[in-house]
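Each remark here refers to the structure printed beneath this line.
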Amino acid sequence: MSYVIENTIQFVKEKLEGAEAGHDWFHIERVWKLSRKIAQTEECNLEVVELSALLHDIADPKFHNGDETLALKISREFLESQNVEEKIIQQVLFVIQNISFKNRGETPKDLPIELKIVQDADRIDAIGAIGIGRTFNFGGFKNNLMYHPDIQPKLNMSKEEYKKSNGTTINHFYEKLLLLKDLMNTHEGKKIAEERHQFMQAFLDQFLKEWNVD
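Just so you know, we're using the UniProt record's numbering here: the sequence shown kicks off at 1 and counts up by one.
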């Protein structure tokens, strides 16, 4: 492991100390490891993949009043302090800027493989058993209802609607999480996502069965 990666790990751990549990260091670590796993199956710049995975949630806008520039500023300052070459910095910042689900309508058509890898890894961590845990943790953090039979999921929301949405936790599965399997970029990502998707679907079936007791 290079000293830059080691320093980045330490920097992120310190920066995210006390963060909401679905977006803390352990989320970053899982995405980083998943990114490395997927990267083994693709031709890519591994340094860009690892740095992007480690820094992708360094300042998640939803915890910083919607500011989508803060993560780019923090990441650039840190990478410059590590004497990372400008070309690599620009590639990492491009990944951070374009990784989000809510920004999918604004991303360029021809995405670099490094973004595709880290995006798949980040989305994989949002589904399956981990995804279920993260979703309910964040719903509790926001004090959202778990479920309400009269509140229907809002599909095809605009970016602004998505950012302002305070729907139920169960609706979030239908508004985002169940859609992620079909948004995977890489063969390896699709393979991992398929299993997690099935587990998540089984959970929802069981949840609604238990809710709707006759």
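The beta carbon of each residue, even a glycine, is placed where N, CA and C say it ideally should be.
In this structure, the straight-line span from the alpha carbon of V31 to that of C44 is close to 17 Å. Contact between I170 and F141 does not hold, since their C-beta atoms are separated by about 16 Å, which reaches or exceeds 8 Å.
For L54, the enclosing alpha helix (DSSP H) covers residues 46-55.
L111 and D214 have their C-alpha atoms some 50 Å from each other. Between A53 and I124, the alpha-carbon positions lie close to 13 Å from each other. Here the alpha carbon of N212 sits roughly 11 Å from the alpha carbon of Y147. Under the three-pair Cβ rule at 8 Å, the segment 130-137 does not count as touching the segment 90-98. The beta carbon of A126 sits closer than 7 Å to those of R134, L177, L180, all from its chain and outside the five residues before and after it, given in chain order. Looking from the CA of L155, the closest CA among G139, N143, H172 belongs to H172. By a beta-carbon distance limit of 8 Å, W25 contacts K13. Their separation comes to about 5 Å.
With respect to the 8 Å criterion, L55 and I96 are classified as neighbours on the basis of their beta carbons.
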